[in-house]
Each structure stands twice: as structure tokens, then as C-alpha cells.
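Report on the following structure.
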Amino acid sequence: MSTTGTEREQAALGRTSPNAEGAARLRAFLGELLEFQCSLVGATGGVVVLRETKVRQGGVIAERAWPGGGPLDPSVRARLERAGADSLRTPARSSVAGQLRDLGGSGIYGEGEARPMVVVGLFAAGMREGSAVLLLPPGTDERDALDKLELTADRFESYLWSQRAIAEAEQKTVLRETLELLDTMQQGRDARAMASLLAHEIARRFGCVRVSVGLVGRDRIRLSAVSGSDDPDPKGEAAEALEAAMEEVAQQDAEVIYPEPPEAEHDPMLRRVTRAAEALSKRFGPTAVMGLPLRVEGDLVGVAILERDPEEPFPSGAASLTRLVAEYAGPALWTRRLADRGLIRVVYDWCMDIASILVGPRYTATKLVCALLLGIAVASALVPIPGRVTAETRVRAGMSRTVVPAITGYLNGVFVEPGDRVEVGDELARIDTSDMELDRAEILGELARLRSERDGAAARRRNAEVRQLEAQIEQQDARLMLLDLRISRATLTAPIDGVVGRGRLDELVGAQVDPSRPLFELVDEERVLVLQVPESVVTKVEVGQTGRFVSKAIPGESVDVRVVSISPVAEPIEGGNVYGVEAEIVGEVPAWLRPGMSGKTKLDKGQTTVMRLLADPLIDRARLYLWW
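Right under this line is the structure:
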């Protein structure tokens, strides 16, 4: 069954109740969730109980007998449902709800078995919406099962959020269709006709009994159009009441809903003054009233008053949904109203606006601000300031080495910690070689035996046996050489002079290490700054250029630097191209400057002005876009 555009728009304003599709999707999801929970903890059955609300039915929403997925025994189902209903009144996320005994000969679980019942809450936005009650096999660790089930319960809130996102997307689609239909107001020959078409269209699409539109004049809001009337009486009592309600909306410059939605009782931001709207409703109703401001670039240009039957009041979400209508209708009406003016009226309005700004008592603060801005603009164009090229910067060591174990074994000892200074050849750590020493002694014994047998065979002139024994001796010699090499590599030494940057391994003593895991990182005392210069300003950087570096760790300290090299190739970073520029520190390296620190470097580049500093990027972008 298809849904018309008007029905969808009425649903967006709260006129229609949720359909059964959402309930069916929720029931299917909860069935899948319950089945997953049963399989996760080996439960023999379970139910999902939801709290009853205005938009959904409560009670057992899903049940499952596992394995098989069939219906539960009625007595079992009743016990599980009662436990779930009782849990809705407790704030605990999970609990053990007792045991189920004496199921009878007709039960599916056997006679006389005691099975624990566990309850896991289903929460959304901090509120308990329901519970999953599962029947566990005898002897199951209940705490372990609850820990697992609590992790799966969060899928319920994720499902609700996904459904809410889908609903919001549908509302946006409905509103877009509504705005497309509002294009019919462009058929009006003037601003008054457009306002009348707008009022008729809103009344028809949003189920209103009356829609009135008023536009701002020089001193007040005047009624321009009323749905169902081509020529409303501007001096009638109804027109006066409508204009009063419009003034009330204009003074607050916000949507006004009467009667106030229930949400306004708990949210002060939704509360409005509704005296004029209340008077309009009681005098010419009763009706539900919503006032909608019409704006152009933030300025109020008109107000629309929507009236509906009191049995169908406006929900709080109606204002946000119809706000987009006002954003389209306000500029269209105001533009057409300005276009309807004659030449004399246009000149008159323009002169009055200029005169009120220049010599009138109003906008004094604006005039002072404009004078101040003019002075700032002149100063920014004439006063020179130092020119600089700014780049994100990271500090690294001039040389670094990673030390990895050459063999697999158990760490026997660690002799350095991060921050220790070492020299080339200093021992850093040692791998246990006791097993290898035993293997070496075994190989030496085997070699002695083989050599003795070879000598005996040679004495007896058994040449074939001698050759065979010599081959075995060579094989054992190769094993011995390989083992000696492994033993020599069991000691890790420093490959460079420097400082241990990483390698706190005290807790790994006795643990197995292998060549796939680095153990130490050594860095030297030299520091190099790597600047990421955007491609738009890289032409302003050259070798030998000086500047200053400021670290994020110590913003109050700066370091003098000098450019030593510029990478010829750019690399993409965060959607833009940057060039790597290396800079050295001029003078002594500060003790607080450490590898890995980040900050900003500003390189000196002659003089410029604030105006040029701001305008040059815009001019360059325009030249690139226009090929100028």
C-alpha cells in the first residue's frame, strides 16, 4: 500500500501513528538477539520482555527454545515472563533471578532439574526498556554467563539508534518533497498573491484549518494573506488577533506553539510567551496555534500563523520540520515584495536607508565600529610587519638505531634503562645460552668420538669407513661453528654512541625474545627539525634561511634554527601536499629538546603587511582558479 505525499507530511508533523513495520522489525531483531544470546552461553531457552509505552506493546516480544528455536513450554514461558516483568522495576543491569525446578514430565528440559535463570537489562539512553531472561543448563557459571550477555545487550541500543537515523532520513525526504511542492507559490503575480498561495499550500499539506501570512512593514507586521480567502479584511477583529499573534512571534524571534508541548515542562529552552496565541485560539477557535518566523539572512521579514484542530496539537518537532519551509518562503516573499516596488519607491527606500544610517540617531555603535574597522584596514595596508613562513615541525634524532635480538631465546639480563648513555660495544642485554652450551658440549663429545673412530678405521685401512666418518666430523664441525656464532650473538651491544630511547625490559627477564621484536632504540645527541611546509609557500623557503622553533611542550622557550635541506618531492598529508624541510639548531642544543616533540617553526622572510598577508592566499587561489 503506497503512501501519498500529504500523508507522509502529516506523519512528519505528528498526525499519524507509527505503522506496524517498525514493531515487526523490532520483534525480528529481538528474536535474532535472543537466539544469539542462547547460543553464546548455551542457554536452553529464553524470552525478551519489553516495557509497555505509548508507541509499542509490552510483554513478551520474543521467545526461544534452544536448540531448535521452537516455542517454550507454557509453564516455563510463564516463569520466565514473570521474572522479566519483575526485573523492569530494578536498576541493575543484570542479575540471577533464581532457579527453575520441577518442570514435570511434559517439560522439554527433563524432570526435576534445577536450572538457573539470569536476567540481562536492555537499556537505551540510560533508561531500562526491557530485559532478556535466559534459562541456563545446570552447573553453568552464572557470573561468567552474565558478563558475556551484558556485552550483547548493547546491540539493542545500537539498533534503536539506527532506526532513529532511518526515521530522520525519512523525515528529511518528506520535507524535501514538501519544499518542491511549495514552488507553486512562485506562480503568484506579486508578493500578496505569493503569500496567498503559500498559505493555501501549507494549510492543504499540513492539515491546518487556517494559515495566515504577515509581512514586516516600517512600523509593524501587516496581514498579507489568509488561506481560504483571496482578500482578507485587514481591519477586522480576526485580522487584529492574527497580527497580535504575529507580533508576539516577532518579538521573541522564535517559533511559538500553543498549547505548549509536554516537552516544554522539562526543557526551559522550549518555553515561549503564548498570550496572544492563546487569545487567538479562545476567541476564534478553539485551535492549536503555531507561529513561524520568516527570515532573510537572519533578519525577520514576516510571520506565518498555522492553526489546527485542538485534537491534533503541534508537537515540538513540528517547528523544526516547518522551519525549512520558512527558510525558503521568507526570502522568496521578500524578494518578490522588493521587486513589486516602482522606481520612485525604490529610490525613496534607498535614500531613507542611507540617511538613517549616516545621520540618524540609530546605529551609533555600528558607525563607531565601521570607523574603527576603516582605521584598522588602513593600518593593515600600510604598517609593515615581519614576514614569516609557518610550518608544523617534529623533532627527531640525528641518528637512531634499533637493536633486535639476532637469535630466539630467553632473556637472561638487561643492563641499561631508557635515558642511559652508552658507547659503541657496551653490553645492553644478554640472552640465556645455557641450552646452547649444553648442545656445544654434546657436539664436542660427539666430535671426539668420531675422530677416535676415524683414527681406528685409518689404522685398519678401512678407507670407505674413514671417508664416512670424516663427512660426519665435517657436519659436526659446521654445527659447532653455527652454535658458536649463535652464542656470540647472544650478547646485545650498542651499535652507536648515544642514549637509550626505548627499552625498559626488566619485566621481560626470563621471557622469550626473537628477532621479530625490537628490544632497544638508541639515539644520538644531535637533533634535527623536520618541517612540513605546504606547497603554496615552499617557494619562499631556501637553504640557509633562519627562523625559530617553539615546542608544544614548552611554548615559552624558542630555539634558533637554520634550513639545511629541502625535499624535492612532496608527500600528501591530510588532504594537502607538503614538502619535508630539514633544519639544524643554531648554537647549543637545549637539554629539554627531545626526539618526538612537535611544535611550529616560523622562518623569516623579509617584511609584509597584514593586508597582504591576508590577501595573498586569496589572490593566489583566484589566479589558480581563473588562470590569471
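Residue numbers (this note's numbering): 802 to 1429. For glycine and all other residues, C-beta sits at the position ideal for the given N, C-alpha and C.
Per DSSP, Y1164 lies in no beta strand (DSSP E) segment and is marked neither H nor E. Bridge pairing for Y1211: Q1313 [DSSP]. Within the same chain, Cβ atoms closer than 6 Å to the Cβ of R1011 are found at S1028 and E1108, the five residues on either side in sequence being excluded. Taking all protein chains shown into account, F1007 has 16 or more neighbouring C-beta atoms within 10 Å of its C-beta and is therefore buried.
With contact defined as three or more Cβ pairs closer than 8 Å, the segment 1284-1302 and the segment 1183-1202 are in contact.
Separation of the CB atoms of K1401 and T1194 is rounded to 6 Å, and the pair is thereby assigned contact status at 8 Å.
Apart from sequence neighbours up to five positions away, the residues of its chain that approach G885 with a beta-carbon distance below 8 Å are V848, V849, V850, V861, V920, G931, S932, A933 and V934, ordered along the chain.
By the Cβ rule, the segment 1359-1370 counts as touching the segment 1378-1387, because three or more pairs are nearer than 8 Å. Per DSSP, Q1277 is one residue of the alpha helix (DSSP H) stretching across N1264 to S1289. Comparing C-alpha distances from A968 to each of K1036, T953, G823 and A1046 shows the shortest one belongs to G823. In the pairwise beta carbon analysis, the segment 834-842 is classified as touching the segment 949-957: at least three pairs are separated by under 8 Å. The criterion of a C-beta distance shorter than 8 Å is not satisfied by L1101 and D1154. Taking all protein chains in view, the Cβ of V1217 is crowded by 16 or more other Cβ atoms within 10 Å, so the residue is classified as buried. If you check the CB distance, V1104 and I1022 come in under 8 Å. Bridge partners of F924 according to DSSP: R929. Here the alpha carbon of T1203 sits roughly 7 Å from the alpha carbon of P1319.
Taking C-beta atoms as the reference points, P1187 and D1405 count as a pair closer than 8 Å. Taken atom to atom, the span from the alpha-carbon of D1325 to that of G1388 is near 17 Å.
Annotation for D1361: the continuous beta strand (DSSP E) segment containing it runs S1359 to I1374.
No Cβ-Cβ contact shorter than 8 Å links A1371 with E1322.
Taken through DSSP and simplified to helix, strand or coil, M1200 comes out as coil. Per the coordinates, the alpha-carbon of P1296 lies some 15 Å from the alpha-carbon of R1231. Taking R894 as the centre and dropping the five residues before and after it, the same chain places the C-beta of V921, G922, F924, E951 and A954 closer than 8 Å to its C-beta, in chain order.
Between the segment 1233-1240 and the segment 1341-1351 there are fewer than three inter-stretch CB-CB distances shorter than 8 Å, so the stretches are not counted as touching. Here the segment 1129-1139 does not lie against the segment 1068-1082, with fewer than 3 beta-carbon pairs under 8 Å apart. Residue state for S1025 is assigned as strand, using DSSP reduced to three classes.
Burial of Q838 is indicated by the presence of at least 16 other C-beta atoms within 10 angstroms of its C-beta. Sixteen is the threshold: since fewer than 16 other Cβ atoms of the shown chains lie within 10 Å of the Cβ of Y1426, the residue is exposed. Residue pairing by DSSP places T1410 opposite P1185 in a beta bridge.
Along the segment 843-879, the beta strand (DSSP E) occurs as fully enclosed runs of 3 or more residues at 846-851 and 860-866, listed in sequence order. Judged by beta-carbon spacing, R929 lies beyond the 8 Å limit of L873, meaning their Cβ atoms are not closer than that value. About 5 Å separates the beta carbon of R1137 from that of M995, a gap short enough to meet the 8 Å contact definition.
For V1360, the CB contacts under 7 Å within the same chain, skipping 5 residues up- and downstream, are R1349, F1350, I1386, P1391 and L1394 in chain order. Ranked by Cα distance from R883, the options P892, A866 and L901 are led by L901.
For G1103, the uninterrupted beta strand (DSSP E) run begins and ends at D1100 to R1109, by DSSP. The Cβ atoms of L1095 and E1056 lie no closer than 8 Å to each other.
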